[in-house]
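A.B. asks: After the structure tokens below, expect a handful of questions from me.
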Amino acid sequence: MSLPFGLQLKDVIGPIVAIIAAALGWFSYWRNIRLAKKNANRSIYVDGQKFLIDVCKQLVSEPVLWCVYDDEPLRNENIYDINDPIQHAKLRAFAHLHLNMFEIIVNEIPKPVVLGKRTASNVWYDYLEDTLNRSRMIREILDEPASKKIWSDALHKEYRRWKRAHQETVREGLK
Numbered sequence: 057m058s059l060p061f062g063l064q065l066k067d068v069i070g071p072i073v074a075i076i077a078a079a080l081g082w083f084s085y086w087r088n089i090r091l092a093k094k095n096a097n098r099s100i101y102v103d104g105q106k107f108l109i110d111v112c113k114q115l116v117s118e119p120v121l122w123c124v125y126d127d128e129p130l131r132n133e134n135i136y137d138i139n140d141p142i143q144h145a146k147l148r149a150f151a152h153l154h155l156n157m158f159e160i161i162v163n164e165i166p167k168p169v170v171l172g173k174r175t176a177s178n179v180w181y182d183y184l185e186d187t188l189n190r191s192r193m194i195r196e197i198l199d200e201p202a203s204k205k206i207w208s209d210a211l212h213k214e215y216r217r218w219k220r221a222h223q224e225t226v227r228e229g230l231k
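With the first letter of the sequence shown counted as 1, position 26 gets the number 82 in the numbering used here; the numbers rise by one all the way through.
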């Protein structure tokens, strides 16, 4: 076998091995980055599920907390007293708990998939949307001036997006 420029096979093997090693190194680096990202996303989803379990435990122990939702049938029962300041404070605290959970979600999970297979991110963003649709209290809290200091721009951006998409509903609520 004749190589150009008078090179011999032993002169070419070293650089070829170095190029292959570099390519394998880059491939390993790329796979490790993807794996680390996947593990980080999984971790935030698991933490979110733990948060939801805590929310469910609170709902079981104190059913009046369901009244954070406007369409909750318990609002028509004796268990709910719209004039009770203690219940009102508990509902606001529960609303804050939800907003704190959503704060973590919108800041940490990947954006949801617009087209194609739904991901866990889609489910979380749908949950946020459902909560905004069903809870005037949570919307009112987000509209308070102090909320800008409490929750991130990312959560407020999602709320503004929701408000734009539901302008008619928002206007009707003001009547």
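Every residue, glycine too, gets a C-beta built ideally from N, C-alpha and C.
Note that the structure is a prediction, hence the values are computed from the model and not measured.
Pull up the distance between the alpha-carbon of residue 162 and that of residue 187, whole angstroms please.
C.D. replies: 14 Å
A.B. asks: Helix, strand or coil: which one does DSSP assign to residue 137?
C.D. replies: coil
A.B. asks: In three-state terms, what does DSSP make of residue 231?
C.D. replies: Any reading at residue 231 needs caution, since the residue's pLDDT is 46, under 50, leaving its predicted position unreliable; the model's value is listed next. Here residue 231 sits in coil by DSSP.
A.B. asks: Which residues in the same chain have their Cβ closer than 6 Å to the Cβ of residue 192, if we skip the five residues on either side of it in sequence?
C.D. replies: 126
A.B. asks: Would you mind giving the Cβ-Cβ distance between residue 218 and residue 185, rounded to the nearest angstrom? I have them listed as a contact below 8 Å.
C.D. replies: 6 Å
A.B. asks: Under 6 Å Cβ to Cβ from residue 168, same chain only, skipping five residues before and after it: list those, please.
C.D. replies: 177, 178, 181
A.B. asks: Short check: CB of residue 198 to CB of residue 215, under 7 Å?
C.D. replies: Their beta carbons are under 7 Å apart, which means residue 198 touches residue 215 by this criterion.
A.B. asks: According to DSSP, is residue 171 part of a helix, a strand, or is it coil?
C.D. replies: coil
A.B. asks: Buried or exposed for residue 220, please, with buried defined as at least 16 other CB atoms from any protein chain shown within 10 angstroms of its CB.
C.D. replies: That one is exposed.
A.B. asks: Whole alpha helix (DSSP H) runs in the stretch 180-220 with 4 or more residues, listed along the chain?
C.D. replies: 192-199, 203-206
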